[in-house]
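Presented below is the structure to which this report refers.
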Amino acid sequence: MSSRKKTLLKVIILGDSGVGKTSLMQQFVNNKFSQQYKATIGADFLTKEIPIDNNKSVTLQIWDTAGQERFQSLGVAFYRGADCCVLCFDVTNEKSLNNLTSWKDEFLVQLNVSNPQDFPFIIIGNKIDVDDSKKIPSLQKKLHNITHNQLGGLNYPVFETSAKDSVNVEAAFEVVAKMALQQEELNAANADLNDNYNDAINIHLESESSTCGC
């Protein structure tokens, strides 16, 4: 029986303070939800293994980052090596939706990816369990405007979730796992290409050196 191949993938959850980033992570990893709000200081992470197919499973290392502005300067240390980014907002807080663009831009600057348009993002609107009267007016229209205009017109997957009631949380992170795996495999392939290119240059230089009559 062949052993299952395992891959470690790093996922970053970003969004304003209080949108439910910690609750989403706790619900997904530990099936727990707490009504008591406690702000994340700096960053924290949890891991969970997810089977992808019969021969492969991935371990998601999910980083929950502080939404407060005073911690944003720490981003570069936490973002390094990320394979996917979750942009999270509160469906009752329009400011948190509008700020997704800033979170995305800051992430790409800090991570310094070579092809930012290809980096995988997923958008989560959390707290759909609240009464409809408290939700952002014309949410779908405004969300469409954010994703198609301010976020570059890219087809990012969008999930509306409830960390409290565990609605769509598992489904969202399954998509995160698949997107992160594709990114990790792409990075590995690009690294192999660079190694092969450098090896070819070295062989060429060594060949020129050996034939030199100096």
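Throughout the sequence shown, residue numbering follows numbering that gives the first Met the number 0, covering 0 to 213 in sequence.
C-beta atoms are modelled at their ideal positions from N, C-alpha and C, and glycine is treated no differently.
According to DSSP, which residues form a beta bridge with residue i?
{"i": "Phe120", "result": "Cys84"}
{"i": "Pro50", "result": "Ser56"}
{"i": "Thr100", "result": "According to DSSP, Thr100 bridges with nothing at all."}
{"i": "Thr6", "result": "Val57"}
What whole-angstrom Cβ distance do residue i and residue j have, given they're in contact under 8 Å?
{"i": "Ala179", "j": "Pro119", "result": "7 Å"}
{"i": "Leu23", "j": "Ala176", "result": "Actually they do not touch by this definition, with Cβ atoms about 14 Å apart."}
{"i": "Val157", "j": "Leu142", "result": "7 Å"}
{"i": "Val85", "j": "Ile135", "result": "Going by Cβ atoms, the distance from Val85 to Ile135 rounds to 19 Å, so no, they are not a contact pair."}
{"i": "Ala42", "j": "Asp63", "result": "7 Å"}
{"i": "Leu96", "j": "Ile145", "result": "6 Å"}
Could you give the DSSP three-state label for residue i: helix, strand or coil?
{"i": "Gln35", "result": "coil"}
{"i": "Ser56", "result": "strand"}
{"i": "Thr64", "result": "strand"}
{"i": "Gly17", "result": "coil"}
{"i": "Val28", "result": "helix"}
{"i": "Asp130", "result": "coil"}
{"i": "Ile12", "result": "strand"}
{"i": "Asn125", "result": "strand"}
Under 9 Å between the Cβ atoms of residue i and residue j?
{"i": "Thr6", "j": "Glu183", "result": "yes"}
{"i": "Leu99", "j": "Gly14", "result": "yes"}
{"i": "Val18", "j": "Asp89", "result": "yes"}
{"i": "Gln60", "j": "Ala162", "result": "no"}
{"i": "Ile49", "j": "Cys87", "result": "no"}
{"i": "Leu45", "j": "Arg79", "result": "no"}
{"i": "Leu185", "j": "Asp117", "result": "yes"}
{"i": "Ser16", "j": "Ala65", "result": "yes"}
Alpha helix (DSSP H) segments (min. 4 residues) lying fully within the segment 135 to 184: 138 to 144
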